[in-house]
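What follows is a single structure, written as structure tokens, with notes after it.
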Amino acid sequence: MTKVDELVPHPVKEQLPGVDFCVNSNPSWLEAIILGFQHYLVMLGTLVIIARVIVPQMGGGNAEKAQVVQTLLFVAGINTLLQTWFLSPLSAVPLVTLVGLGLYTNGFPLLAECVEVGLPELIILIFLSQYIPHMWKTKRPIIDRFAVVLSVGIVWAYAALLTAAGAYKNRPASTQFSCRVDRSGLVSGASWIKVPYPFQWGQPNVGAGDAFVMMAAALVALIESTGAFIAAARFGSATHVPSSVLSRGVGWLGVSLLLDGLWGTGSGSTVSV
């Protein structure tokens, strides 16, 4: 006789429609690497926005932007390993349209700075993830599962073609900076080998006002991450999340915030699904 409090995951076919993997499902190594790279691309766009907003306010240039992006990627990788080793793997749900909506107000206005590149990316992403699966039935959901990788590759090749063809030669400098693929300055400003280390920006200064501000930001991240844990479990196995798992996830989120402060990323960490 099964205990009342024993939570048994439902089979994949009995879950919500559109779910590819449950918590107990293991994709192949190749598929896991491609999905991880796709999530990396989504996260990279967020990190570039953070560096672009914060670093100029501190008087930094392209080299400092590249260092901040490198530090953010390094610490995010450590945090991801800690979460997957000591928490649990998150489920994969092909709702790529919902990814990054928290940064909508910061990221979406950048589309208007280069409509000829940003608008096709948005249209192709929505078309591949939301319409192609209903129009073209396949045994494996390849196109909608890897919609971000496909759309970014197509639009980047399109933008590189426009740059090589000289479409922006007589355009304003701001337009060239937003549309050309060789004007960001991050690649040229980045060093070949860079290993971020704690306190790389100097000795930290701690103030009571700054501490309370960060506590408020950490509380917001705590609420957001708790909801993400519950949503991931709901999509992945349709079972309730035990309080021990939630507390463990929140605890490692605190460790992630500590690592962010030690390495000086300029921002905190949260869960991305």
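Residue numbers for the sequence shown follow full-length UniProt numbering, beginning at 1 and rising by one. Beta carbons: idealized from backbone N, C-alpha and C, even for Gly.
I'd like the list of long-range same chain contacts for residue i, defined as Cβ closer than 7 Å, with 5 residues on each side in sequence excluded.
i      : result
Leu257 : Ala218, Gly268 and Ser269
Asn79  : Ser256, Leu259 and Ser269
Trp85  : none
Tyr40  : none
Ala63  : Gly189
Ala216 : none
Thinking C-alpha only, which one of the options is nearest residue i?
i      : options                           : result
Ala159 : Thr175, Asp144 and Ala147         : Thr175
Ile262 : Phe212, Gln200, Ala233 and Leu222 : The sequence as given places Leu at residue 262; Ile does not occur at that position. Per the Cα distances, Gln200.
Pro27  : Val148, Met214 and Arg140         : Arg140
Ala233 : Leu128, Leu82, Leu111 and Leu246  : Leu246
Ile123 : Ala167, Thr138, Val152 and Lys137 : Val152
Ala167 : Leu47, Val149, Leu150 and Cys114  : Cys114
Val42  : Val53, Phe146 and Met215          : Phe146
Gly251 : Asn62, Gln83 and Lys169           : Gln83
Phe177 : Ala76, Tyr40 and Leu111           : Leu111
Pro198 : Gly264, Gln130 and Gly36          : Gly264
Leu81  : Gly36, Val117 and Gly118          : Gly36
Who are the near neighbours of residue i in its chain, counting only those whose CB is closer than 6 Å to its CB and skipping five residues on each side?
i      : result
Val271 : Ser225 and Ala228
Ile143 : Leu128 and Ile132
Thr47  : Just to set this straight, residue 47 is Leu in the shown sequence, not Thr. Here the set comprises Val69 and Leu72.
Ile230 : Val241
Val99  : The predicted position of Val99 is uncertain, since its pLDDT is 43 and thus under 50; a value taken from the coordinates is nonetheless stated next. Cβ neighbours of Val99 beyond the five flanking positions: Val42.
Leu95  : Residue confidence is low: Leu95 scores 35 on pLDDT, short of 50, so the model does not pin down where it sits. Its coordinate-derived value is still stated next. Correct list: empty, nothing qualifies.
Gly118 : Leu111
Glu116 : none
Determine the contact status of residue i and residue j, defining contact as a CB-CB distance below 8 Å.
i      : j      : result
Ile126 : Gly266 : no
Pro242 : Phe74  : no
Pro133 : Val155 : no
Leu186 : Leu222 : no
Val220 : Gln38  : no
Just to confirm my understanding: we take residue i, look at its own chain, exclude 5 residues before and 5 after, and list those with CB closer than 8 Å. What are they?
i      : result
Arg171 : Cys179
Val202 : This sequence places Gly at residue 202; Val is not what is there. Closer than 8 Å at Cβ, skipping near neighbours: no residue.
Trp136 : Ile143
Pro204 : Gly261 and Gly264
Lys169 : none
Does the region 181-197 come close enough to the region 154-173 that 3 or more CB-CB pairs lie under 8 Å? The region 154-173 is in contact with the region 181-197.
So, does the region 58-65 touch the region 31-46, judging by three or more C-beta pairs under 8 Å? Per the Cβ contact rule, the region 58-65 is not in contact with the region 31-46 (fewer than 3 Cβ pairs under 8 Å).
Would you list, in sequence order, the uninterrupted alpha helix (DSSP H) runs of no fewer than 4 residues that lie entirely inside the region 190-270? Within the region 190-270, the runs of alpha helix (DSSP H) at least 4 residues long that lie entirely inside it are, in chain order, 208-236 and 243-263.
Counting beta carbon pairs with one atom in the region 62-69 and one in the region 189-196, are three or more of them shorter than 8 Å? In short, these stretches touch, since the Cβ pair count reaches three.
Within the region 131-193, note down every full alpha helix (DSSP H) run reaching 4 residues or more, in order along the chain. You should have 132-135, 142-145, 147-164, 173-179 and 186-189.
Threshold first: 3 residues or longer. Then list the beta strand (DSSP E) segments lying entirely within the region 31-79, N to C. If only complete runs of 3 or more residues are kept, the region 31-79 shows no beta strand (DSSP E) anywhere.
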